[in-house]
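**Student:** Numbering (my numbering), first residue to last: 1286 to 1460. Virtual Cβ for every residue (Gly too), placed ideally from N, Cα, C. Computed from a predicted structure; not experimentally measured. Before I ask anything, here is the structure I am working with.
Following this line, the structure appears as structure tokens:
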């Protein structure tokens, strides 16, 4: 299944989202951001276990039409009144009958949310995990590259599928 605790990356840290106001519209946006469709469900009260580290977002209120969590109404980063027993989760059930293994499953389940402000650019090293397309005939195509540890590198195609490509396209803001 395509489900888990939602974690976001911001300002060099991974953290969880508090479940205050968390509902199916928020889950729909998370699933869309991952390139998944189907029947999104919001889960509360650390349904997928308590996270560790900071709780980065609270009071997330999406309409369900946004392309990413960044477009939703929410508290300021780090402003929350929660404990990890309130970590938010989602279940996205997009592809009935498709059997995914190994790295494909990891790619789908890891919820990439890269928040890069003007100061936190790939050049500053604060946006590890940022994805770009290089060497294509336009901005909508090319070789997938990931920024990590101060360098851009390519992605191995072992286990790469259309689903993997959908995740990258969503991360880049394409529909």
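Nearest-angstrom Cα distance between residue 1331 and residue 1426?
**Tutor:** The residue given as residue 1331 occupies position 46 in the chain shown. The residue given as residue 1426 occupies position 141 in the chain shown. Answer to the nearest angstrom: the Cα atoms are 38 Å apart.
**Student:** What residues in its chain sit with their C-beta under 7 Å from that of residue 1310, if we drop five residues either side in the sequence?
**Tutor:** For the purposes of this step, residue 1310 is taken as the residue at position 25 of the chain shown. Cβ within range, chain order: 1347, 1348 and 1349.
**Student:** Using CA atoms only, rank isn't needed, just tell me which of 1318, 1371 and 1337 is closest to residue 1456.
**Tutor:** The residue labelled residue 1456 in the question sits at position 171 within the chain shown. The residue with the shortest Cα to Cα distance from residue 1456 is 1318.
**Student:** Rounded to whole angstroms, what's the CA-CA distance from residue 1299 to residue 1292? Just pull it up for me.
**Tutor:** Residue numbering aside, residue 1299 sits at position 14 when the chain shown is read from its first letter. Residue numbering aside, residue 1292 sits at position 7 when the chain shown is read from its first letter. Rounded to whole angstroms, residue 1299 to residue 1292 spans 6 Å at the Cα level.
**Student:** Is DSSP giving residue 1342 helix, strand or coil here?
**Tutor:** The residue you call residue 1342 lines up with position 57 of the chain shown. Three-state DSSP puts residue 1342 in a strand.
**Student:** Considering only residues of the same chain and omitting the five flanking positions on each side of residue 1451, which have a CB-CB separation below 7 Å?
**Tutor:** As a first step, residue 1451 is located in the chain shown; it is residue number 166 there, counting from the start. Cβ neighbours of residue 1451 beyond the five flanking positions: 1320.
**Student:** List the endpoints of the continuous beta strand (DSSP E) containing residue 1449.
**Tutor:** On the chain shown, position 164 is the one that residue 1449 refers to. Looking at the DSSP string, residue 1449 is not in any beta strand (DSSP E); the run it does join, the alpha helix (DSSP H), is 1447 to 1456.
**Student:** Just to confirm my understanding: we take residue 1358, look at its own chain, exclude 5 residues before and 5 after, and list those with CB closer than 8 Å. What are they?
**Tutor:** For the purposes of this step, residue 1358 is taken as residue 73 along the chain shown, with counting starting at 1. Hits under 8 Å: 1344, 1345, 1346 and 1347.
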